[in-house]
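These notes are about the structure you will find just below.
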Amino acid sequence: MDNYLDLMRARREQILERFYAALDRAGRPHDAARLIAVSKTVGVDETVAAIQAGYRHFAENRPQELVRKLTGLAEHPELPEVRFDMIGNLQTNKINAVLGSAELIHSVGSLHLAQAISSRAVSKIEAGELAGPQRVLIEVNVSGEESKGGFSPDEIRAAAGELAELEGICVQGLMTMAPRGNKDVARRTFAGLRELRDELEAAHPDLNLPELSCGMSEDFEPALEEGSTLVRLGRVVFSPEFAVK
Numbered sequence: 019m020d021n022y023l024d025l026m027r028a029r030r031e032q033i034l035e036r037f038y039a040a041l042d043r044a045g046r047p048h049d050a051a052r053l054i055a056v057s058k059t060v061g062v063d064e065t066v067a068a069i070q071a072g073y074r075h076f077a078e079n080r081p082q083e084l085v086r087k088l089t090g091l092a093e094h095p096e097l098p099e100v101r102f103d104m105i106g107n108l109q110t111n112k113i114n115a116v117l118g119s120a121e122l123i124h125s126v127g128s129l130h131l132a133q134a135i136s137s138r139a140v141s142k143i144e145a146g147e148l149a150g151p152q153r154v155l156i157e158v159n160v161s162g163e164e165s166k167g168g169f170s171p172d173e174i175r176a177a178a179g180e181l182a183e184l185e186g187i188c189v190q191g192l193m194t195m196a197p198r199g200n201k202d203v204a205r206r207t208f209a210g211l212r213e214l215r216d217e218l219e220a221a222h223p224d225l226n227l228p229e230l231s232c233g234m235s236e237d238f239e240p241a242l243e244e245g246s247t248l249v250r251l252g253r254v255v256f257s258p259e260f261a262v263k
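Using this note's numbering, you'd call the opening residue of the sequence shown number 19 and step up by one each time.
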């Protein structure tokens, strides 16, 4: 694991160099975006190594993995405090496992799911089991790919007012995933998310959407150049086989 930790530290320096260079190209300050280490494919030991390497913000895509990581890390009180988000598809029967454990849920892709999270959160707040509204992002299928979930742009335009009024949740921004393999298409997708955010804020003054969650291992640089505030990096962080280009 010592060799893995050395790799993680060296890899993090390379990633941050690219991360800050992309922000520089966009004329954005270095604190305008955050790097999320997506630990969904690794175990607790690799996550510990990532923390030792300097990462403080993580994400999981399965509620049971989120619980497993938090339980495992609780056995390492010597480590600094870290944050976990939920980024994967969330089924309604798994909501309670995520509330209060995930700082931010990135993947609210339907009005039904938003309403379910709202209802469960209100119950937990009233029972004193949750300190306040659950922070969420609305997943939008900007590219229109059939394989991707989330609201269509027209659906989120229609639902934005109702989402803003739901108790128990606080909508913080938007999330999307770009088609893989073409950075130009990815860039247009990320720009489309930013433009949609600006449109929604203008149409709904009660909506404040500072967060844009977009960009992964293959395309985080154009995402940062187009306004992403949260990039979700998995393989480039954790996999020795994934090349840092």
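We treat Cβ as the ideally placed atom computed from N, Cα and C, and that holds for glycine.
Residue burial classification, residue i (beta-carbon count within 10 angstroms, cutoff 16)
| i | result |
| --- | --- |
| Gly61 | exposed |
| Arg215 | buried |
| Thr65 | buried |
| Ala145 | exposed |
| Gly245 | buried |
| Pro98 | exposed |
| Lys201 | exposed |
| Asp103 | buried |
| Ala204 | buried |
| Glu78 | buried |
Residue i vs residue j beta-carbon contact at 8 angstroms
| i | j | result |
| --- | --- | --- |
| Ala108 | Val100 | Here residue 108 turns out to be Leu, not Ala, going by the sequence shown. No; because the gap between Cβ atoms is not below 8 angstroms, this pair is not in contact. |
| Val254 | Ala68 | no |
| His222 | Ala182 | yes |
| Phe37 | Leu242 | yes |
| Ile156 | Leu192 | yes |
| Leu9 | Ala120 | Here the chain has residues from 19 to 263 only, and residue 9 is not among them. |
| Ile33 | Leu251 | yes |
| Leu25 | Gln70 | no |
| Glu239 | Arg198 | no |
| Cys232 | Ala196 | yes |
| Arg138 | Ile113 | yes |
Boundaries (first-last residue) of the alpha helix (DSSP H) holding residue i
| i | result |
| --- | --- |
| Ser136 | Leu129 to Glu144 |
| Leu225 | From DSSP, Leu225 is part of no alpha helix (DSSP H); its letter is neither H nor E. |
| Arg46 | No alpha helix (DSSP H) holds Arg46; DSSP gives it neither H nor E. |
| Val66 | Val62 to Ala71 |
| Val160 | Segment: none, Val160 is in no alpha helix (DSSP H) and carries neither H nor E. |
| Ala149 | From DSSP, Ala149 is part of no alpha helix (DSSP H); its letter is neither H nor E. |
Among the options, nearest to residue i - alpha-carbon criterion
| i | options | result |
| --- | --- | --- |
| Ser161 | Leu251, Phe208 and Val189 | Phe208 |
| Leu227 | Gly168, Leu248 and Ile33 | Leu248 |
| Leu262 | Arg30, Ser137, Tyr22 and Gly210 | According to the sequence provided, residue 262 is Val. The question's Leu does not apply to it. When only C-alpha atoms are compared, the closest one is Arg30. |
| Ile54 | Leu230, Glu259, Phe260 and Pro258 | Leu230 |
| Asn111 | Ala149, Leu91, Ala134 and Glu96 | Ala134 |
| Ser57 | Pro81, Glu35, Ala51 and Pro47 | Pro81 |
| Arg126 | Gly167, Arg205 and Pro258 | One detail in the question is off: residue 126 reads as Val in this sequence, not Arg. If we check each option's Cα against that of Val126, Gly167 comes out closest. |
| Glu217 | Glu236, Cys188, Pro171 and Met234 | Pro171 |
| Ser136 | His94, Glu185 and Ile105 | Glu185 |
| Val140 | Cys188, Asp63 and Gly72 | Cys188 |
| Glu219 | Thr194, Gln190 and Arg206 | Gln190 |
| Val158 | Glu213, Pro258 and Arg46 | Glu213 |
| Pro151 | Ile123, Met234, Ala40 and Gly90 | Ile123 |
| Phe169 | Asp49, Pro95 and Ala132 | Ala132 |
Any non-hydrogen atom of the ligand GTP within 7 angstroms of residue i CB
| i | result |
| --- | --- |
| Ala115 | In the structure on display, the ligand GTP does not appear, and there are no ligands present to speak of. |
Delimiting residues of the beta strand (DSSP E) encompassing residue i
| i | result |
| --- | --- |
| Glu243 | Here Glu243 belongs to no beta strand (DSSP E); instead the alpha helix (DSSP H) covers Phe238 to Glu243. |
| Glu157 | Gln152 to Glu157 |
| Ala55 | Arg52 to Val56 |
| Val255 | Val255 -> not in any beta strand (DSSP E); alpha helix (DSSP H) instead, spanning Arg253 to Phe256. |
| Val262 | Premise fails: Val262 is in no beta strand (DSSP E) and is neither H nor E. |
| Ser125 | Leu122 to Val126 |
Exercise for review: Would you list, in sequence order, the uninterrupted beta strand (DSSP E) runs of no fewer than 3 residues that lie entirely inside the segment 172-210?
Suggested key: 187-193
Point to revise | Every unbroken beta strand (DSSP E) inside the segment 75-107 [3 residues or more] | key: 75-78 and 101-104
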